[in-house]
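Undergrad: Residue numbers (this note's numbering): 7 to 613. For glycine and all other residues, C-beta sits at the position ideal for the given N, C-alpha and C. Quick one: the structure is below, and I'll ask about it shortly.
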């Protein structure tokens, strides 16, 4: 019910279109059900009676010599002419019905497409408000599946909702007519309705359950597909094509089997509706036939009643089918709404202010952080980073180095302690103003599937051509860009895969140079490069670090020998801090790491 209400709210944003749809559905219903009046009129003519709607002066006048109107007193018609007029009226009604059916279907398509387009925009916008923690917890395939497969089903849900509006309107028009015509027969025709509703409720529950499970399995399959596409180089290198193929095939088999459970329930809906409707019609025709033979029911009334029931059959069948399909599509809507239910853990406080600038220092005081409860990653971190200094973070893998710089960028908030910039708690600063003062270069240089120019200017859409070129020069990549087929207009490819690793990294450095932020975070920016590329990148980084406050994570200790402060982390704690020379003289983890990397140490020592 909550999901249904939320869906109605989505449609409610287009209330005027819904009002139009409602009015058009009413008009369509009138044209649709008027064929029952036409059939009744034909029956009346065949029995020698004049249809009431054709008379002006008398409802009991004989067919021969009917005066149609005072304006045309000489227009006398016989039975054949009356039939012709009735058929002509039926043709006009048919044209009207088709016209309004077209308008109704157009409005229905407009509403369903508009709902999906706007919802996709809203989901994308909401995803961008969520913090990094959500994306670390969620699988990419799951998110993509909700934005594609589930969103397509949401489009279907909007269409079905329109059918659930128009169907009852058409049914109601038919019911009103049959009750006016012969209320006793009308009540008789409804005897199968409670049984039908009970059956449909049972089948709907089965379809909704199977459909929800099918969407989950489809998301699993999408995740497997994205995983081996992103890791295709590794798949090829290890010859695991068959393994990935088998895994995907097994997942899709599960999708098929679960989908068939819902299909079996859905396949029973229409036959059950037709069975119940058929029994009801046969019962009405039997009782109506007896009444006709007994003289208590005219041929016109019987024909009109039978036609009305037949006209009600299609919208009733469509309504039941739409209701069944809504049960299948509701889980998709639920999965989309689950994204909206997510709330960012990192967000601006109500009294947050814009970061006034950076003049003195970054300070971490008693900082504790964990991704999973009772599993701390950082414990009691106390660190001061003066403005303009270079601070290197070193230590074994899993020591908490990347988590620490992520906290400085406020990708997460600490569970205890505080991080301040010039005395301002990060949680009291507007997030966008903080990030405007931070540039990040990571070990995984990510480029968008756009031109190199656009990649360098990402985040600085106002940057001029000269600024972009100067940033590229400073990053030692300008000459290589000019040598590419389309120079700065060359497309970088998905994730920048059309460029080498060193080129990608230096383009990312150019992007950071162009941002010109006072705080710089380097997260193992040279760890995956060969010697030549490392030299080029290190030169670019030296240019980037000038006059900036820099936090550097480095596995290669040779790159941080001249840092103002080297902070050693182990098991989430700061275990040592000092200059390169001071830490070497103290021994311990840093000295051991340096000895191993310089070839003088024992790789078997515990670090």
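Short of 8 Å in beta carbon distance, which residues of its chain neighbour residue 94, apart from the five on each side in sequence? Order them along the chain.
TA: Around residue 94: no qualifying Cβ.
Undergrad: Quick one: what does DSSP say residue 376 is sitting in, helix, strand or coil?
TA: Strand.
Undergrad: If you run the structure through DSSP and keep just helix, strand and coil, what is residue 1?
TA: Because residue 1 is not part of the residues shown, which for the chain are 7 to 613, the question remains open.
Undergrad: Measuring alpha carbon to alpha carbon, tell me which of 345, 336, 412 and 394 ends up nearest residue 373.
TA: The shortest Cα separation from residue 373 among 345, 336, 412 and 394 belongs to 412.
Undergrad: With three or more beta-carbon pairs closer than 8 Å as the criterion, would you say the stretch 470-488 touches the stretch 430-438?
TA: The answer is no - the stretch 430-438 does not touch the stretch 470-488, with fewer than three Cβ pairs under 8 Å.
Undergrad: Alpha carbon to alpha carbon, what distance is there between residue 545 and residue 13?
TA: Each residue's alpha carbon lies about 56 Å from the other.
Undergrad: Give the single residue among 105, 367, 448 and 396 whose Cα lies nearest to the Cα of residue 429.
TA: Considering only alpha carbons, the answer is 367.
Undergrad: Where does residue 301 land, buried or exposed, given buried means 16+ other C-beta within 10 angstroms?
TA: Burial call: exposed.
Undergrad: Can you find the residues in the same chain that come closer than 8 Å, C-beta to C-beta, to residue 155, ignoring five residues on each side of it along the sequence?
TA: Cβ within range, chain order: 221, 224, 225, 228 and 338.
Undergrad: Between which two residues does the alpha helix (DSSP H) containing residue 25 stretch?
TA: Looking at the DSSP string, the run of the alpha helix (DSSP H) that includes residue 25 is 21-52.
Undergrad: With 16 other CB atoms within 10 Å as the buried threshold, where does residue 49 fall?
TA: It counts as buried.
Undergrad: Suppose you measure from the CA of residue 634 to the CA of residue 216; what does that come to, to the nearest Å?
TA: Residue 634 falls outside the range modelled here, since the chain spans only 7 to 613, and no answer is possible.
Undergrad: Counting C-beta neighbours from all protein chains within 10 Å, is the total for residue 511 16 or more, i.e. buried, or is it exposed?
TA: The residue in question, residue 511, is buried, as its Cβ has 16 or more Cβ neighbours within 10 Å.
Undergrad: Residue 177: buried (16+ other C-beta within 10 angstroms of its C-beta) or exposed?
TA: Buried, since its Cβ has 16 or more Cβ neighbours within 10 Å.
Undergrad: Can you tell me where the beta strand (DSSP E) holding residue 396 begins and where it ends?
TA: Looking at the DSSP string, the run of the beta strand (DSSP E) that includes residue 396 is 396-400.
Undergrad: Residue 451 to residue 507, Cα distance in whole Å?
TA: So the alpha carbons of these two residues sit roughly 8 Å apart.
Undergrad: Considering Cα atoms alone, identify which of 460, 298, 523 and 394 is closest to residue 502.
TA: Here the closest residue by C-alpha is 460.
Undergrad: Quick one, are the C-beta atoms of residue 336 and residue 423 less than 8 Å apart?
TA: No, the Cβ-Cβ distance between residue 336 and residue 423 is not below 8 Å.
Undergrad: Which whole runs of the alpha helix (DSSP H) in the stretch 438-471 are 4 residues long or more, in chain order?
TA: The qualifying runs are 458-462.
Undergrad: Tell me which same chain residues have a C-beta within less than 6 Å of the C-beta of residue 145, skipping the five on either side of it?
TA: These residues qualify, in order along the chain: 229.
Undergrad: What residues match up with residue 426 in a beta bridge as DSSP calls it?
TA: Residue 426 pairs with 369 and 431.
Undergrad: What number of angstroms, rounded off, separates the C-alpha of residue 43 from the C-alpha of residue 28?
TA: Straight-line Cα distance between these residues: approximately 23 Å.
Undergrad: Helix, strand or coil for residue 483, going by three-state DSSP, please let me know.
TA: Looking at residue 483 - three-state DSSP - the assignment turns out to be coil, as it is neither helix nor strand.
Undergrad: In terms of alpha-carbon separation, which member of 47, 574 and 600 lies closest to residue 314?
TA: Per the Cα distances, 47.
Undergrad: Which same chain residues, not among the five before or five after residue 175, have their C-beta less than 7 Å away from its C-beta?
TA: Excluding residues within five positions, the ones whose Cβ falls inside 7 Å are 31, 32 and 35.
Undergrad: Who are the near neighbours of residue 20 in its chain, counting only those whose CB is closer than 8 Å to its CB and skipping five residues on each side?
TA: Closer than 8 Å at the Cβ level, and outside the excluded window around residue 20, lie 117, 120 and 121.
Undergrad: Distance check for residue 387 and residue 469, CA to CA, integer angstroms please.
TA: Between residue 469 and residue 387, the C-alpha separation is close to 38 Å.
Undergrad: Taking C-alpha atoms, which residue in 194, 356, 53 and 541 lies nearest to residue 86?
TA: Measuring from the Cα of residue 86, the nearest candidate turns out to be 53.
Undergrad: List the whole-angstrom C-beta distance separating residue 399 from residue 410, where the pair is believed to meet the contact cut-off of C-beta under 8 Å.
TA: Rounded, the Cβ-Cβ distance is 6 Å, consistent with contact.
Undergrad: Span of the alpha helix (DSSP H) holding residue 150?
TA: Note, residue 150: alpha helix (DSSP H), 146-153.
Undergrad: In three-state terms, what does DSSP make of residue 382?
TA: If DSSP states are grouped into helix, strand and coil, residue 382 belongs with the strands.
Undergrad: Return the CA-CA distance between residue 130 and residue 499, expressed in angstroms with no decimal places.
TA: Near 22 Å, if we compare the C-alpha coordinates of residue 499 and residue 130.
Undergrad: At least one CB of chain C closer than 8 Å to the CB of residue 104: is that the case?
TA: The structure shown has no chain C; it contains just one protein chain.
Undergrad: So, helix, strand or coil for residue 576, using DSSP?
TA: Looking at residue 576 - three-state DSSP - the assignment turns out to be strand.
Undergrad: In chain order, what residues of the same chain have a beta carbon less than 8 Å from the beta carbon of residue 17, not counting five sequence neighbours either side?
TA: Contacts found: 24, 117, 121, 164 and 167.
Undergrad: Would you decide whether residue 515 is buried or exposed? Buried here means 16 or more other CB atoms lie within 10 Å of its CB.
TA: With 16 or more Cβ atoms within 10 Å of its Cβ, residue 515 is classed as buried.
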